[in-house]
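Counting with my numbering, you get residues 7 to 882 for the letters of the sequence shown.
The beta carbon of each residue, even a glycine, is placed where N, CA and C say it ideally should be.
Structure first, then comments.
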Amino acid sequence: MKKLGKICKQTFISPIALSFWIPVIIMTAYFAGRHMAPFGSSTILTVDLGQQYLDYFVQFKHTLLSDPSSFIYSFSSGLGGDMVSEWSYYLMSPFNLIFLLASPKTIPVWILLVTVLKIGFAGFSMAWLIQKMGWLSNYWIPLFAINYPLSAWFIANDLNLLWLDTAAILPLLIWSLERLLAGKGWTLFATFLTATIITNYYIAWMIALFLCLYLPWRLLDTTIVVRRLQAIAQAAKAAAISVLLTMWLWLPTYVQLRLGKTTHNSSWSLHFDNNPIFLLLKLVPGSFDFDQMQTGQANFLVAPIIILSLWAYFAKRQTKIFEKIFALVIIAILFLATCFAPLTLLFHGGQYPVWYPARFSFIISFFFILLAAKGFTPDWQPGLIARTVFLLAVLALTVWASSQLLKVTYLDKLALLVFLFFYLATVLVLITFQMGPAKLILLTLTTAGFLTINVAKTLNHLSYLTNASYQAGSSRLLAASSAAKQNDRSWYRISQGMSRTYNDGFLAGFKAGSHFSSLLPAQSSSLFQNLGQVSGDSRIAYLDGTTVSDSLLAFKYYLQPTNALSGQSSYLRQSNRPDYDQAKIVASGNGWNLRQNSTALAPVYAASDKALQSPYSVRYPLGNQKYLLGSLVGNPSQDLLYQAPLQVGALDNLTISNRITGGTIQKVNKKQNGTVAFTFTPTTNDSYYLNIGGALDLNQVDIRLNGEKLTQSTAFQHTIDLNLLRNQANKEQILTVTLKNGANSRYLDDFTLYYFDEKAVNQDLAKLQQHPLKITQSNSRRISGTITTTADQSLIMTSIPAAPGWQAKLDGKVVTTKTVMKGFLAVQTKPGMHHLTLTYTPPFFLLGVIVSAFTATFALLRHFFNKNRTGVLRQR
Numbered sequence: 007m008k009k010l011g012k013i014c015k016q017t018f019i020s021p022i023a024l025s026f027w028i029p030v031i032i033m034t035a036y037f038a039g040r041h042m043a044p045f046g047s048s049t050i051l052t053v054d055l056g057q058q059y060l061d062y063f064v065q066f067k068h069t070l071l072s073d074p075s076s077f078i079y080s081f082s083s084g085l086g087g088d089m090v091s092e093w094s095y096y097l098m099s100p101f102n103l104i105f106l107l108a109s110p111k112t113i114p115v116w117i118l119l120v121t122v123l124k125i126g127f128a129g130f131s132m133a134w135l136i137q138k139m140g141w142l143s144n145y146w147i148p149l150f151a152i153n154y155p156l157s158a159w160f161i162a163n164d165l166n167l168l169w170l171d172t173a174a175i176l177p178l179l180i181w182s183l184e185r186l187l188a189g190k191g192w193t194l195f196a197t198f199l200t201a202t203i204i205t206n207y208y209i210a211w212m213i214a215l216f217l218c219l220y221l222p223w224r225l226l227d228t229t230i231v232v233r234r235l236q237a238i239a240q241a242a243k244a245a246a247i248s249v250l251l252t253m254w255l256w257l258p259t260y261v262q263l264r265l266g267k268t269t270h271n272s273s274w275s276l277h278f279d280n281n282p283i284f285l286l287l288k289l290v291p292g293s294f295d296f297d298q299m300q301t302g303q304a305n306f307l308v309a310p311i312i313i314l315s316l317w318a319y320f321a322k323r324q325t326k327i328f329e330k331i332f333a334l335v336i337i338a339i340l341f342l343a344t345c346f347a348p349l350t351l352l353f354h355g356g357q358y359p360v361w362y363p364a365r366f367s368f369i370i371s372f373f374f375i376l377l378a379a380k381g382f383t384p385d386w387q388p389g390l391i392a393r394t395v396f397l398l399a400v401l402a403l404t405v406w407a408s409s410q411l412l413k414v415t416y417l418d419k420l421a422l423l424v425f426l427f428f429y430l431a432t433v434l435v436l437i438t439f440q441m442g443p444a445k446l447i448l449l450t451l452t453t454a455g456f457l458t459i460n461v462a463k464t465l466n467h468l469s470y471l472t473n474a475s476y477q478a479g480s481s482r483l484l485a486a487s488s489a490a491k492q493n494d495r496s497w498y499r500i501s502q503g504m505s506r507t508y509n510d511g512f513l514a515g516f517k518a519g520s521h522f523s524s525l526l527p528a529q530s531s532s533l534f535q536n537l538g539q540v541s542g543d544s545r546i547a548y549l550d551g552t553t554v555s556d557s558l559l560a561f562k563y564y565l566q567p568t569n570a571l572s573g574q575s576s577y578l579r580q581s582n583r584p585d586y587d588q589a590k591i592v593a594s595g596n597g598w599n600l601r602q603n604s605t606a607l608a609p610v611y612a613a614s615d616k617a618l619q620s621p622y623s624v625r626y627p628l629g630n631q632k633y634l635l636g637s638l639v640g641n642p643s644q645d646l647l648y649q650a651p652l653q654v655g656a657l658d659n660l661t662i663s664n665r666i667t668g669g670t671i672q673k674v675n676k677k678q679n680g681t682v683a684f685t686f687t688p689t690t691n692d693s694y695y696l697n698i699g700g701a702l703d704l705n706q707v708d709i710r711l712n713g714e715k716l717t718q719s720t721a722f723q724h725t726i727d728l729n730l731l732r733n734q735a736n737k738e739q740i741l742t743v744t745l746k747n748g749a750n751s752r753y754l755d756d757f758t759l760y761y762f763d764e765k766a767v768n769q770d771l772a773k774l775q776q777h778p779l780k781i782t783q784s785n786s787r788r789i790s791g792t793i794t795t796t797a798d799q800s801l802i803m804t805s806i807p808a809a810p811g812w813q814a815k816l817d818g819k820v821v822t823t824k825t826v827m828k829g830f831l832a833v834q835t836k837p838g839m840h841h842l843t844l845t846y847t848p849p850f851f852l853l854g855v856i857v858s859a860f861t862a863t864f865a866l867l868r869h870f871f872n873k874n875r876t877g878v879l880r881q882r
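Structure (structure tokens):
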């Protein structure tokens, strides 16, 4: 019984255990209070967690249990893309193994559980460091430790699950470094540094910069007994081994970054991105909201006990002056990095963060807690000078903050009263009690209370997806994907007029045309621009396809929304595709139809090598599609695309310049809506498309055809094509453009009407359907089969995005791949029957695996050699 009692104490009520359980209980209580599943009708899903990460977690399970090859590559990510790099950023958390128990229906519940566990783990690791360093003992440990998992950074970023592990490992990494400095070897430091890099290389970079500051600061401590140069050498050796052990992951990721993010330049000029003085407001609980998520300042709030105990550290006589000065230098550098451009870029890997600014600010909170724990003693009381400074500072900040209430969106009077009360209460407890249980209990209550209020006020600023809304989207996508698989076992993509997120392909397990990733290659974005699809630095969306683009890209099915989509499910409707209204329905469900594209090509087929010279223009995507199709059939100059006339029918509170295309519409009365009606009469039953240039901002603009609203994304800065109608020959059409509140004028950039000659298009597509690749074997990274090429179709053309890493074997021999329209993979051949194998391996992945394997083998052999040698010496 005694042994059982000891185990229970260590598990539930020991200082380290409480440091885990207190944040877990606080966060669980909050989530339950917000009725998040499984506690109610809401979910924990918000912003990127619901729009991006959830789908990755489903893909994680699919990869481990169903398709290991999708760890390398996936056709569910925007026509296809590298996955090793995506795993290294999104999916290397060991906590993700919990998602193996989840299903797409229940995954919001499991995400909540993982979130709570990660935050609890951060409290555990912080307590472990404090205890092992001997700075505090017993139940004084959780008083300081819970400040880390409940700091403002963890709460504001609780939705960014991919960052939490690495930040939670930081205290254990520092503990292992302290062991190194104590002369206990570098192996543990190398182990935790390896774990840091693997869990998230991005956050690991920030921690590495901090280590470059932390190590020299600790070497100023007079209690360090090892020789300084020896400690630096051992730390460098451990770091080098960690880098080599993780090369299999970060090296191919670095290559992908070079293809994507690093192609976007950032200014390294000497300037401040924000006003540092406003960082003081971040000490107020709840100092975070949706605006701060986009372009705000660093989140580093901790409880008053931490801020007040910093005085104890800097006032401690046993601490040498040079150590204190260097600590101030570290604090200054960290705060400057939140606002001074060169340091901001340095800590963020050379690129400004897109949303979630100052992503390293958990390091500020950590360093504050570390200094406070190192300086605080249970009997510490602030002296007269300290009390005076604290009182004046708190009152001054409260008064100044109250003057900013109308300027700063996240501040309110209640938050200021909470700030003032808890700081004054903490000071009162410190000066009233010298030491003892009463002091500890009161400080713990004020600390936990302050942090709990910050949790509530911070997360109350965010809105969350209801479980009904999530289920409405996920259930329909899963049903449609399942129906497609039952109907057709061949290789195909599904085009979407109904979508929940850009990563639906991961959630429902189908080959998709959209993707949202921080590692999106720049070439993928350019390819989508050239095809008239929505694209940006981190997302691509295949929403407004044509008969030509759908067929060339192997979109054999179209997921069509129906009129049953309404209420909470209306957001799923993403685009209009009237060209599918007469297509065969192969499956249907509540709010959706799955229609077949009879002209879709195979993913690999024989075509004319004239496609290698196919021109393209970023301003004329329909022209690109015309030239590409014509080139593929060997007739680049073929007439396939025609312009149709538009006329101004009526104006309401608008003026228009003397032309439509390239003209300007402007409101007469800016306080009211303004509408222009364009008229046109189709002369054929072909599909008609509206060309819209990137300079025509569709925000606060309503476009309707014959009174029916045309759904269109506004997330583009390049030309797109809006699918308008089909089978409407000789029927007058009215296209209205309405400028709503906030849109006073718009430039009609490339505002032009076009139509394809579908008879000629279908003839061309039928020709390209003659010699498809007969697939004999395929998985997520490989396609293999036989294909026949002819004299006029000697090029093996694919709808696979060209990328470094693709290897083609033709009749058993490696051949050089080609690129069509700077986007598609192709292979040139001689006429005849061929066996083709296309295989994707991330660039430098194999090199990284070899180096990491060699390093691991060498390290293990060295370990066993040293162990045996030590045993022999002991026997002697």
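Q | Cα-Cα separation between ILE19 and MET33, rounded to whole angstroms | A | Cα atoms of ILE19 and MET33: separation of roughly 18 Å, rounded to the nearest angstrom.
**Q.** DSSP-derived helix/strand/coil call for ASP645
**A.** coil
Q) So the beta strand (DSSP E) THR472 belongs to, where does it begin and stop? A) It is not in any beta strand (DSSP E) - THR472 carries neither H nor E in the DSSP assignment.
Q | ALA214 to GLY355 span [Cα, whole Å] | A | 11 Å
(Q) Do ALA241 and PHE221 count as a contact pair if the criterion is CB distance below 8 Å? (A) The residue asked about is misnamed: residue 221 is Leu in this sequence, not Phe. Yes, they are a contact pair.
Q | Range covered by the beta strand (DSSP E) that runs through ARG545 | A | 545-547
Q | In DSSP terms, what MET803 is bridged to | A | TYR611, ALA832
Q. In the structure shown, what three-state DSSP assignment does PHE895 receive?
A. No answer is possible for residue 895: it lies beyond the span of the chain, which begins at 7 and ends at 882.
(Q) In whole angstroms, give me the CA-to-CA distance for LEU186 and ILE238. (A) 10 Å
Q | MET441 - DSSP class collapsed to helix/strand/coil | A | coil
**Q.** Residue of SER496, ILE136, SER604, VAL414 minimising C-alpha distance to LYS590
**A.** It is SER604 whose Cα lies nearest to the Cα of LYS590.
Q) Just how far apart, CA to CA, sit SER637 and THR825? A) 14 Å
**Q.** Identity of the residue in ASN712, SER719, THR720 nearest LEU731 by Cα
**A.** ASN712
Q: If I'm right that ASN473 touches ALA108 with Cβ under 8 Å, what's the distance once you round it to whole angstroms?
A: Wrong, their Cβ atoms sit about 14 Å apart, outside the cutoff.
Q: Assess, as a yes-or-no matter, whether the stretch 685-696 is touched by the stretch 760-778 under the definition of 3 or more beta carbon pairs within less than 8 Å.
A: The stretch 760-778, when compared against the stretch 685-696, does touch it at the 8 Å Cβ threshold.
Q) Do you know offhand how far ILE125's Cα is from LEU85's? A) 36 Å
Q: Report, in whole angstroms, the separation of the C-beta atoms of ASP585 and LEU728, which I expect to be a contact under 8 Å.
A: ASP585 to LEU728, Cβ: 12 Å. No contact.
Q. So is LYS828 buried or exposed if we call it buried at 16+ other beta carbons inside 10 Å?
A. Classification for LYS828: exposed.
Q) Given that a residue counts as buried once 16 or more other Cβ atoms are within 10 Å of its Cβ, and exposed if not, what is HIS277? A) exposed
Q. CYS3: buried (16+ other C-beta within 10 angstroms of its C-beta) or exposed?
A. With the chain running from 7 to 882 in the structure shown, residue 3 is simply not present.
(Q) I'd like to check one pair, GLY266 with LEU97: are the Cβ atoms closer than 8 Å? (A) no
Q: May I have a chain-ordered list of the alpha helix (DSSP H) segments no shorter than 4 residues that lie completely inside the stretch 286-364?
A: 296-301, 310-321, 327-342, 347-353
Q: Label LYS632 either buried or exposed according to how many other C-beta atoms from any shown protein chain fall within 10 Å of its C-beta, with 16 as the threshold for buried.
A: buried
Q | Given 8 Å, three or more beta-carbon pairs between the stretch 370-388 and the stretch 334-350 | A | Yes: the two stretches touch, three or more of their Cβ pairs being nearer than 8 Å.
Q: Please say whether TRP169 and ASN144 have beta carbons closer to each other than 8 Å?
A: ASN144 places its beta carbon 8 Å or farther from that of TRP169.
Q: Could you name the residues that DSSP lists as bridge partners for MET89?
A: For MET89, which the question treats as bridged, DSSP gives no partner whatsoever.
Q | Beta-carbon contacts of PHE751 that lie in its chain and below 8 Å, excluding the five residues immediately before and after | A | For the record, residue 751 in the displayed sequence is Ser; it is not Phe. Excluding residues within five positions, the ones whose Cβ falls inside 8 Å are THR670, ILE671, GLN672, LYS673, LEU745.
Q: Spatial neighbours of THR5 within its chain, please: CB distance less than 8 Å, with the 5 preceding and 5 following residues excluded, ordered by chain position.
A: Coverage of the chain is limited to positions 7 through 882, which leaves residue 5 absent and any answer about it impossible.
(Q) Considering just the uninterrupted stretch of the beta strand (DSSP E) at HIS841, what are its terminal residues? (A) 838-846
Q) Taking all protein chains shown into account, do 16 or more other C-beta atoms lie within 10 angstroms of the C-beta of ASN736, making it buried, or fewer, making it exposed? A) Label assigned to ASN736: exposed.
**Q.** Where the alpha helix (DSSP H) containing VAL64 begins and where it ends
**A.** VAL64 -> alpha helix (DSSP H) spans 60-71.
Q. So what's ASN599 in DSSP terms, helix, strand or just coil?
A. Correct three-state label for ASN599: strand.
**Q.** Option in TYR319, ALA23, GLY700 with minimal Cα separation from GLN387
**A.** TYR319
Q: Taking the CB atoms as reference points, tell me whether PHE686 and GLN653 lie closer together than 8 Å.
A: Yes.
(Q) Can you list, in chain order, the residues of its chain with a C-beta nearer than 6 Å to that of ALA749? Leave out the 5 residues immediately preceding and following it. (A) GLN706, VAL707
Q) In the structure shown, what three-state DSSP assignment does TYR764 receive? A) Here residue 764 is Glu; the residue named in the question, Tyr, does not match the sequence. Note: GLU764 maps to helix in three-state DSSP.
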